[in-house]
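Working notes, beginning with the structure itself.
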Amino acid sequence: MSVKMSYKIIETDIVVVGSEAAGARAAFEAQDQGIDVLVITKSKMAKSAVTLMAVATCTAPFNEKDSPEILLKDTIKGGSYINDQKLAKIFSEEACQAVLDYDKYGTNFVKKQDKYVQFQMPGHTYPRGCLTEPIGTTGRKMVRALHHEANKRKIKILEDTLVFSILINNGRAVGVLAIDLQKTEVLVIKAKATILATGGGMRVYEKNCAAREATGDGLAMAYRVGVNLRDMEFVQFFPTVMISPKNLFGQQGPARLRYELNAQLINFYGERFMYRYDPLRGDKSTRDVVARGIYTEVKEGRGTEYGGVYMDVSYLPDKVINTFIDRHYPRFNFGGVDLLKEGIDIRKEPFEVTPAVHFFMGGIVINEKTTTNIEGLYACGEVAGGVHGANRLGGSALPEMGVFGKRAGKFAAEYVKDLKDTIEINIKQVNKEIERIERLFERPEGPNVYDILKKLQHVMWQGAFVIRSAQSLNSVLSEIECLRQEYQNVALKSKSKNFNLELKTALELELMFDVTEMIVRAALLRTESRGSHYREDYPEKNDQKWLQNIIISRKAEGMQLNKQPVEFTIFKPEEVNDEYKNKKRKN
Amino acid sequence: MMNTKTKNVKIKVFRFDPSVDQKPYYDEFNVPYDKDETILAALHYIRENFDSSLTYRYSCETGCCSICSVRINGKAGLACKVKMLEEDIVLEPVKKDKVLRDLAML
Ligand SMILES: Cc1cc2nc3c(=O)[nH]c(=O)nc-3n(C[C@H](O)[C@H](O)[C@H](O)COP(=O)(O)OP(=O)(O)OC[C@H]3O[C@@H](n4cnc5c(N)ncnc54)[C@H](O)[C@@H]3O)c2cc1C
Ligand code: FES
Numbered sequence: 001m002s003v004k005m006s007y008k009i010i011e012t013d014i015v016v017v018g019s020e021a022a023g024a025r026a027a028f029e030a031q032d033q034g035i036d037v038l039v040i041t042k043s044k045m046a047k048s049a050v051t052l053m054a055v056a057t058c059t060a061p062f063n064e065k066d067s068p069e070i071l072l073k074d075t076i077k078g079g080s081y082i083n084d085q086k087l088a089k090i091f092s093e094e095a096c097q098a099v100l101d102y103d104k105y106g107t108n109f110v111k112k113q114d115k116y117v118q119f120q121m122p123g124h125t126y127p128r129g130c131l132t133e134p135i136g137t138t139g140r141k142m143v144r145a146l147h148h149e150a151n152k153r154k155i156k157i158l159e160d161t162l163v164f165s166i167l168i169n170n171g172r173a174v175g176v177l178a179i180d181l182q183k184t185e186v187l188v189i190k191a192k193a194t195i196l197a198t199g200g201g202m203r204v205y206e207k208n209c210a211a212r213e214a215t216g217d218g219l220a221m222a223y224r225v226g227v228n229l230r231d232m233e234f235v236q237f238f239p240t241v242m243i244s245p246k247n248l249f250g251q252q253g254p255a256r257l258r259y260e261l262n263a264q265l266i267n268f269y270g271e272r273f274m275y276r277y278d279p280l281r282g283d284k285s286t287r288d289v290v291a292r293g294i295y296t297e298v299k300e301g302r303g304t305e306y307g308g309v310y311m312d313v314s315y316l317p318d319k320v321i322n323t324f325i326d327r328h329y330p331r332f333n334f335g336g337v338d339l340l341k342e343g344i345d346i347r348k349e350p351f352e353v354t355p356a357v358h359f360f361m362g363g364i365v366i367n368e369k370t371t372t373n374i375e376g377l378y379a380c381g382e383v384a385g386g387v388h389g390a391n392r393l394g395g396s397a398l399p400e401m402g403v404f405g406k407r408a409g410k411f412a413a414e415y416v417k418d419l420k421d422t423i424e425i426n427i428k429q430v431n432k433e434i435e436r437i438e439r440l441f442e443r444p445e446g447p448n449v450y451d452i453l454k455k456l457q458h459v460m461w462q463g464a465f466v467i468r469s470a471q472s473l474n475s476v477l478s479e480i481e482c483l484r485q486e487y488q489n490v491a492l493k494s495k496s497k498n499f500n501l502e503l504k505t506a507l508e509l510e511l512m513f514d515v516t517e518m519i520v521r522a523a524l525l526r527t528e529s530r531g532s533h534y535r536e537d538y539p540e541k542n543d544q545k546w547l548q549n550i551i552i553s554r555k556a557e558g559m560q561l562n563k564q565p566v567e568f569t570i571f572k573p574e575e576v577n578d579e580y581k582n583k584k585r586k587n
Numbered sequence: 001m002m003n004t005k006t007k008n009v010k011i012k013v014f015r016f017d018p019s020v021d022q023k024p025y026y027d028e029f030n031v032p033y034d035k036d037e038t039i040l041a042a043l044h045y046i047r048e049n050f051d052s053s054l055t056y057r058y059s060c061e062t063g064c065c066s067i068c069s070v071r072i073n074g075k076a077g078l079a080c081k082v083k084m085l086e087e088d089i090v091l092e093p094v095k096k097d098k099v100l101r102d103l104a105m106l
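The listed protein sequences correspond, in order, to chains A and B.
In terms of the numbering used here, the numbers along the first sequence are unbroken and rise by one, the last being 587.
In terms of the numbering used here, the numbers along the second sequence are unbroken and rise by one, the last being 106.
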C-alpha cells in the first residue's frame with residue numbers, strides 16, 4: 001500500500017510550540033506587541049504537560065531583606081558555578097515580575113496583608129516560594145489562569161497537534177512541520193519566527209515524575225537542525241517519591257517525613273542501609289547520597305516488590321506521630337495526598353519510595369533575548385538550558401518560564417517587525433519529512449513502538465541515572481544504537497488516520513533517541529561529579545578541569561561535543577563561596 | 001510495571017474508530033490482577049501486550065490533569081487514581097457521543 005500524504009499550509013507571524021507556562025507567556029507577550037501568533041500543543045492546554053504538576057512553590061525575592069543579587073548567588077551556588085551567569089542574573093532580577101504577571105492572569109498566590117506568603121525552600125537564603133491554596137495546587141492554578149487568559153485574548157491554539165520538525169531555509173527557521181493527530185493531516189506552519197517552549201525530556205527515563213508530554217521533542221528537533229545545546233548531562237532527580245500503591249506513584253509530600261519525623265529507610269531485608277553510604281548522617285544524608293543509596297540497594301537486589309525501598313515511621317510511638325501529624329499534616333493529608341484514605345496508616349506500616357527523574361537543567365543554548373544560533377528560532381522554559389547550571393533550586397522553574405517566556409515573545413515580535421524580506425518554505429525538506437510518516441503507515445508489520453520505548457527508558461534508568469560510569473554509559477550508548485536499529489522496522493498495528501496515538505508515540509520515540517544520546521555522550525565526557533551528575537569512576541568535583549560547559553551540536557560527521565569554559569561575567573566561584581563560608585561562620 | 005500474579009481479571013473495553021467501524025463494539029482482555037495497580041496501568045498493560053492500537057488519553061498519571069477520565073463499571077473516574085478491581089471490569093468513555101477513538105474523547 002502506498003500512501004501519499006498531502007499537506008495544508010498555515011501562515012502566521014510567530015508559531016509557539018508549547019502551550020503551558022513558557023509557551024503561553026510567550027504568546028501573550030507577542031500578542032501585546034501586535035503580532036499574529038499561533039500556539040501548538042501535542043495534547044490539550046491546561047490538561048497536560050508538566051506545569052500543572054508543579055506542587056510546591058514559585059520563587060521570587062520579595063522579602064525585604066532579600067534581593068535579586070542574593071537570589072543570583074544562591075542560584076549560582078546551587079548550580080555548582082557552571083550556570084550561564086547572564087541568564088541567571090536576568091532570572092533573578094525579573095522573577096518578581098513573573099510572579100506578578102502570573103497573578104495578574106488569575107493564579108491567586110496566597111497573600112497576607114497585601115504581601116505574598118512565602119515558603120523557604122532548601123538552598124534559598126530567604127523564604128521566596130509563593131504558593132496557592134490548598135497546598136499542592138500551584139501548577140494547577142497557574143495553568144487554569146493561563147488558559148483563561150488565552151481564551152480571553154482569543155489566542156489561536158492548535159491542540160492534539162504534534163510538531164515533529166523545524167523548517168529551515170537558507171539557514172533560517174521558517175516555521176514547523178506538524179501533524180494534526182485527530183486526522184493525521186500534515187500541517188506546514190509557515191512562520192516568520194518560531195518559539196520552542198516544549199519542556200523537558202524526563203520521560204526518556206523509566207522512573208520519572210513528569211507528564212506524558214515530557215519526551216524532549218524540542219531538544220531533539222533543535223539538535224537536528226543544527227541548534228547548539230548545553231549541559232545535557234545534568235538531569236535532576238527527586239530522591240524519594242512514592243512508588244506504591246501505584247495510584248500514588250510520583251507523590252513527594254509524604255517523603256518529607258524523612259527529615260521532618262526521622263523516617264527510616266529500610267531495604268527488603270529490613271536493614272537500615274543508609275549507614276553504609278553515609279555512616280554519620282544515615283537516613284538524614286543529602287538528597288544525592290540518599291538517591292544513590294536507594295538506587296544501589298535496588299540494583300543489587302535488596303529492593304522492595306516495586307523496585308524501591310521502605311520509608312518507615314511506624315517504629316515511633318503513635319502518640320508522637322499523631323502530635324506531629326496534627327500539627328503539620330492534619331488528617332494525614334500531605335498536600336492533597338490523603339494517606340489514610342488511600343489505605344496507608346503510617347503508624348502501622350511503611351510505604352515504598354524510589355528516586356525519580358524530575359527536571360532537565362540542560363537544553364538549548366540561548367542568549368538574553370532567548371535567540372538560538374539559528375536565525376528566527378527562539379527557545380524558552382525548560383527546553384532551554386543555562387539558568388540553573390548543574391542543579392536547580394526548588395521553586396525556581398516556574399518563574400524561569402515566566403521570565404524567559406515573556407522575553408521570547410518580546411524579542412521574537414521585535415524580530416518579526418524588523419524583518420524586511422519574505423520567507424519561503426523548502427519543499428524538499430517538507431517532502432522528506434512526510435516520507436518518514438508514510439513509511440510508518442506502509443510497513444505491514446514490525447516491532448511494537450511501546451515495546452522499544454519501554455526498553456529505551458529502562459536502559460537509561462539502568463545506566464545513565466543517579467550513578468554513572470564510563471562502563472555503564474558506554475553500554476547504554478550501544479543499547480541506544482541497537483534500539484535505534486530496531487526502530488527502523490517499527491510498524492503501526494493500526495493504520496487508521498483517526499487519532500492514531502501509536503503514530504504519535506513513534507514520532508516522539510524517534511526524537512527520544514537523540515535526546516538520550518546527548519545525555520549519555522555528555523555524561524561520558526564529563527569525567528567528574530558535579531550537581532546532579534555523579535560518576536562513580538570520578539566521584540569528586542574537579543574545578544581545575546571542569547568549570548566548563550559541554551556544548552552539543554550536529555555536524556555532518558555526527559554528534560559533536562565541545563567544552564567551553566564558563567564565563568564568570570558577574571561572580572567568580574570564590575566570591576560566592578567565600579560569602580557562604582562567612583555566613584556559616586556568623587551563624 | 002505490572003507484577004505477574006496468578007489471578008487474572010477480565011477487562012471489557014469499549015472500542016470505536018468512527019473512520020472504519022460502523023458501530024462501537026467491546027474487546028475483552030485478561031489482565032493479571034494486582035491490588036496496588038491502577039486502571040491506567042491495566043490499559044498500559046493491554047497496549048503493550050495485546051493491542052498497541054488501543055486509544056486512551058493520559059498525561060500526569062498522578063491525578064492532577066483529569067485527562068484520563070473514563071467510565072469504570074458505569075461510574076466516571078480517573079483511570080490513574082482508581083485501583084484495579086478484583087471482579088470483571090468494563091471500561092467506556094465518559095461521554096459516548098464525544099468519542100474520538102476508543103476511550104479517548106474530543
Ligand atoms: C512533579 C513535578 C513538580 C514540580 N514542582 C515544581 C514547583 O513546585 N516549582 C517549580 O518552580 N517547578 C516545579 N516543577 C518544574 C516545572 O513544573 C517545569 O519545569 C515547568 O512547568 C516547565 O514548563 P514548560 O512550559 O517549559 O513546559 P511544559 O509545562 O512541560 O509544557 C510543554 C508544552 O509543550 C508541548 N509540546 C511538547 N512537545 C511538543 C511537540 N512535539 N509538538 C507540540 N507540542 C509539544 C506540550 O504539549 C506542552 O504544551 C515540577 C516538575 C515536576 C515534574
Ligand atoms: S493522567 Fe492526569 S489525572 Fe490521570
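The C-beta atom is built at its ideal place from N, Cα and C for all residues, glycine as well.
Restricted to the segment 20–52 of chain B, the alpha helix (DSSP H) segments that are unbroken, complete and at least 4 residues in length are 39–49, listed in chain order. Assigned with DSSP and collapsed to three states, proline 68/A falls in helix. Residue environment for lysine 581/A: exposed (fewer than 16 other C-beta atoms within 10 angstroms of its C-beta). For the options Lys86/A, Ser48/A and Glu400/A, the alpha carbon positioned closest to that of cysteine 380/A is the one of Glu400/A.
Using a CB distance below 9 Å, the part of the segment 28–58 of chain A facing chain B consists of Ser43, Lys44, Ala46, Lys47, Ser48, Ala49, Val50, Leu52, Met53 and Val55, ordered along the chain. According to DSSP, lysine 563/A shares a beta bridge with Ile550/A. The beta carbon of valine 110/A lies closer than 8 Å to those of Tyr116, Val117, Cys130, Leu131, Thr132 and Glu133 in the same chain, with the five residues before and after it left out.
Below the 8 Å Cβ cutoff, chain A contributes Arg212 as neighbours of tyrosine 58/B, in chain order. Cβ-Cβ distances below 7 Å link lysine 89/A to Leu72 and Ile570 in the same chain, with the five nearest sequence neighbours on each side left out; the list follows chain order.
Closer than 8 Å to the CB of alanine 41/B there is at least one CB belonging to chain A. Nearest to serine 19/A by alpha-carbon distance, out of Val37/A, Phe238/A and Ile9/A, is Val37/A. Looking only at Ala95/A, Leu167/A, Arg224/A and Leu219/A, the smallest Cα-Cα distance to glutamate 557/A is reached by Arg224/A.
In this structure, isoleucine 67/B has its CB closer than 7 Å to one or more heavy atoms of ligand 2. Close to asparagine 247/A, with beta-carbon spacing below 7 Å, are these residues of chain B in chain order: Thr38, Cys80, Lys81 and Lys83. With a minimum length of 4 residues, the unbroken runs of alpha helix (DSSP H) contained wholly in the segment 227–309 of chain A fall at 257–260, 274–277 and 287–299. Approximately 7 Å separates the beta-carbon atoms of tyrosine 102/A and alanine 145/A; this is inside 8 Å, confirming the contact. For valine 459/A, no CB of chain B lies under 8 Å from its own CB, so it is not counted at the interface with that chain.
For leucine 162/A, the enclosing beta strand (DSSP E) has its first and last residue at 161–169. Per the coordinates, the alpha-carbon of valine 313/A lies some 18 Å from the alpha-carbon of lysine 341/A.
Residues are counted here when their Cβ sits less than 9 Å from a Cβ of chain A; for the segment 7–38 of chain B these are Asp17, Pro18, Ser19, Val20, Asp34, Lys35, Asp36, Glu37 and Thr38, given in chain order. Contact annotation, valine 357/A with methionine 202/A: C-beta distance approximately 5 Å; criterion of less than 8 Å satisfied. In chain order, Thr215 and Asp217 place their CB closer than 7 Å to the CB of glutamate 508/A, counting only its own chain and leaving out the 5 sequence neighbours on each side.
If you compare the alpha carbons of Glu445/A, Gln471/A and Arg287/A with that of asparagine 391/A, the shortest gap goes to Arg287/A.
With a beta-carbon spacing of about 7 Å, valine 13/B and leucine 54/B fall inside the 8 Å limit used to define contacts. Valine 449/A has a beta carbon lying within less than 8 Å of a beta carbon in chain B. Spanning the alpha carbons of isoleucine 325/A and glutamine 120/A requires a straight line of approximately 20 Å. At least 8 Å separates the beta-carbon of tyrosine 295/A from that of valine 515/A. When C-beta distances to chain B are compared with 7 Å, the residues of the segment 482–499 of chain A below that value are Lys493, Ser494, Ser496, Lys497, Asn498 and Phe499, in chain order. Taking a C-beta distance under 8 Å as the contact criterion, glycine 394/A and alanine 56/A qualify as a contact pair. Between ligand 1 and the CB of threonine 107/A, the shortest heavy atom gap is not smaller than 7 Å. With a cutoff of 7 Å, lysine 42/A counts as near ligand 1, since its C-beta is closer than that to a heavy atom of the ligand. Counted as a single uninterrupted DSSP element, the alpha helix (DSSP H) harbouring isoleucine 321/A occupies residues 318–328. In the DSSP assignment, the residues bridged to methionine 105/B are Val99/B. With a threshold of 8 Å between beta carbons, alanine 76/B makes no contact with chain A. Close partners of leucine 158/A in chain B (Cβ separation under 7 Å) are lacking, with about 14 Å as the shortest Cβ gap.
Listed by position along chain B, the residues whose Cβ is nearer than 8 Å to that of glutamate 502/A are Ser52 and Ser53.
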